[in-house]
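Residue 1 is where the sequence shown starts when you use this note's numbering, and the numbers rise one by one after that. The C-beta atom is built at its ideal place from N, Cα and C for all residues, glycine as well. In what follows, a structure is listed as structure tokens, so that the remarks can point back to it.
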Amino acid sequence: MKQKKLFGISQKVPHPKKVEILLRELITSPPKSAKALEKRKCEFAAREKINLFQNRDLIVQAKALGMVLPDAIAILLQKRSVRTISGVSPIGVLTKAYPCPGKCVYCPTEERMPKSYLKNQPAAARAFRNKFHPYDQVKNRILALEQSGHPTSKLEIIVMGGTWSFLPQRYQTWFIKKVFEAANEKKDFSKNIIQAQKENETAEHKVVGITLETRPDFITEKELVRMRNLGCTRIEIGVQTLDDEVQKLTKRGHFRKQVADAMKLMKDFGFKVCFHLMPGLPGSNPEKDLEWMKEIFENSDFKPDFVKLYPCVVLPDSELQNWWKEGKYKPYDDADLIKLLLQWQVFVPRWTRIMRLMRDIPVKNILEGAKFSNLRQILRDQPKKIREIVGEDFYKKHDIEHNHNLFRDIRAREVGFSDLEELAAQGVPILKRCDYEASGGKEVFLSYESLDEKHLFALLRLRKPSGQKFSNFKSVLDNAALIREVHSYGGEISVGEGKGLGQHRGFGKKLIIEAERIAREEWGLKKIMVISGVGTRGYYRKFGYKLKATYMTKKLI
């Protein structure tokens, strides 16, 4: 069957022969910094009397010639190295516009876009250009990453577009099948999703995880079984707030009980869970927000593995826009939000990853509300700017000079962000363990970290379930320990291409062995299962795990 034409598939390199000359000069005498690289490119362009080459031109031509660039040059050419610094290549894809079950007052409703998404948001804009076709979105994103110098052997697919569970099931299956076909570079369509998944186990671009977005009140055992059959490993749910009065006022449609019930189900199925949180909603204030945002981590009914903060702002085409015009609502400004986050970040535990502190909404769309796009960087690295924003009294009262750099969540400690000299002084990474109660079960967070716990190399999440029984997957889930995540950090290293800071150094294997020991010796369990991504099944087979009912399972002897 003829494939659809892909958006932006070609990358034409100007003056390919001259690009080759420059490449060989750079390999012979590598520049030591990005600034030095730009200087060399400018000097070459002036000498040859041509326009300045983009880094992408050099990457594409090197690949066309089969040239293997030294790491020092490859890193300098790489565009936005932070994209794959966590060890995987995240690819966001959007579903097409479908009716939304919610009536939330803060969500914009833009024509031909999924509920709450705007056409000029980066991921949404890419989806719109590709007419929301999943194959085209994934294929083009892989190409863009490769042409920017990023490895793409480990894909983390993040499906956006509102409430996944409300979409027609036939569309869901088709959508995910197309995702796998794009990753498999499949020219002929797979017979079904099972075949597409099987082919991906050995594909060049392995899908190591799939994230689906939904609402807490749509989480049921049947829904989780369906998600597993599609290959989902992480669920993001729109919690927004734990304040039921605020939920009622903003017409969210669910309350904290649904969040707690959903959390227990998801964790006992082995899913990783991300909460979307929305401080600054109508009916709340900074004091109330701080209390429930602390409770997220202190109440065992919740305790998410990941959080995304989407501070409430006023957007066009939302009911909240009318409230704002009528003077019934005023969002937090930059100072309000930063004050709240400075107080809250102290309570974020080391086993949680803050994935976002702001949503990627273009400033021109925000009618009123906080507009910082680099909020994490400001909170982490710019104490002087913080002092200007929050004022001298608040700065001194909360001892910001001492506390501003205390982020201890996973992202703040990932080894890929570490200073290499500081890292070398720490010596060999050591095994750490943190136990906590969550959703009626026991959680163990195992990690390899530096002695001072500032640098995280690898982690594993192990769960002893609450004991609730399921009618589905009984042979796998009943009386089994659950490995919910294994992750090694550092820039992504393609499978089979040697060692990085955290990847391919054996940390994952050591963590799995320790998890098996805990399950067997401390909990007395006779089997263990992993909620494995399709593309990582081969990895677990090396340790004696077998595929059963979508999980990789092993008997503990």
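Consult DSSP for residue i and reduce its assignment to one of helix, strand or coil.
| i | result |
| --- | --- |
| V495 | At V495, the pLDDT of 42 sits below 50, so the modelled position is not reliable; the number obtained from the coordinates is stated separately. Three-state result, V495: coil. |
| S10 | No answer about S10 holds up, because its pLDDT of 49 lies below 50 and its placement is not dependable. |
| P465 | coil |
| M1 | The predicted model places M1 with a pLDDT of 39, which falls under 50 and marks its position as unreliable; any figure quoted below should be read in that light. In the structure shown, M1 sits in coil (DSSP, three-state: anything other than H, G, I, E or B). |
| T95 | coil |
| G435 | This sequence places Asp at residue 435; Gly is not what is there. The answer is strand: DSSP assigns D435 an E or B state. |
| G500 | Confidence at G500 is low in this model, with a pLDDT of 47, below 50, so its placement is unreliable and no value can be given for it. |
| K555 | strand |
| A203 | coil |
| R252 | coil |
| G209 | strand |
| E110 | coil |
| A480 | coil |
| E453 | coil |
| P122 | helix |
| V273 | strand |
| L423 | helix |
| I559 | Lying outside 1 to 557, the shown extent of the chain, residue 559 is not represented and no answer is given. |
| S475 | helix |
When you compare each of the options to residue i by their alpha carbons, which one comes out closest?
| i | options | result |
| --- | --- | --- |
| C107 | G209, K186, L357, N322 | N322 |
| P16 | T536, P331, E48, T28 | E48 |
| G524 | I531, V530, A515 | A515 |
| W351 | V486, M278, N472, Y545 | V486 |
| F306 | R484, L58, N55 | R484 |
| A62 | E388, K18, E199 | K18 |
| T214 | I400, K510, R234, D57 | R234 |
| L265 | Q468, H150, Y436, S116 | Q468 |
| E414 | M67, S86, F44 | S86 |
| K303 | W292, D393, N200 | W292 |
| E295 | G283, L277, P311 | L277 |
| K509 | V88, S447, S475, T550 | S447 |
| D360 | D393, G327, L340, C312 | C312 |
| I50 | L459, L77, K328, V13 | V13 |
| M358 | S148, I378, A125 | I378 |
| L118 | Y551, L423, E319, L315 | L315 |
| A64 | T241, Q147, A438, G506 | Q147 |
| D71 | S33, A97, F53, I91 | S33 |
| F407 | I366, F347, S466 | F347 |
| T152 | W174, V207, G162 | V207 |
| K454 | I237, H205, K432 | K432 |
| V534 | K35, P429, K384, V179 | V179 |
| P114 | N140, F166, D136 | F166 |
With residue i as the anchor, note down where its alpha helix (DSSP H) starts and where it stops.
| i | result |
| --- | --- |
| E392 | 392–397 |
| E295 | 286–298 |
| G238 | Careful: G238 lies outside any alpha helix (DSSP H), inside the beta strand (DSSP E) at 234–240. |
| V346 | Premise fails: V346 is in no alpha helix (DSSP H) and is neither H nor E. |
| M227 | 221–230 |
| K17 | 16–28 |
| L379 | 375–381 |
| R411 | 410–413 |
| K325 | 319–325 |
| L77 | 71–77 |
In the DSSP output, what is residue i paired with across the bridge?
| i | result |
| --- | --- |
| A458 | Y448, S488 |
| C42 | Paired residue(s): none; C42 is not in a bridge. |
| R353 | F306 |
| E368 | V314 |
| F407 | According to DSSP, which records beta bridges pairwise, F407 is partnered with nothing at all. |
| G441 | A438 |
| L547 | M552 |
| S89 | L155 |
| T536 | Answer is none; T536 lacks a bridge partner. |
Flag residue i as yes if its beta-carbon sits less than 8 Å from any beta-carbon of chain D, otherwise no.
| i | result |
| --- | --- |
| F255 | Of the chains in the structure shown, none is chain D; there is only one protein chain. |
Could you check where the beta strand (DSSP E) with residue i kicks off and where it finishes?
| i | result |
| --- | --- |
| I50 | Element bounds for I50: n/a, residue is neither H nor E. |
| F507 | Taken as a continuous stretch (DSSP letters only), F507 belongs to no beta strand (DSSP E), being part of the alpha helix (DSSP H) at 507–517. |
| I528 | 527–530 |
**Request:** Kindly provide the ranges of any beta strand (DSSP E) runs that are 3 or more residues long and lie completely inside the region 130–187, ordered along the chain.
**Result:** DSSP runs (the beta strand (DSSP E)) wholly in the region 130–187: 154–160.
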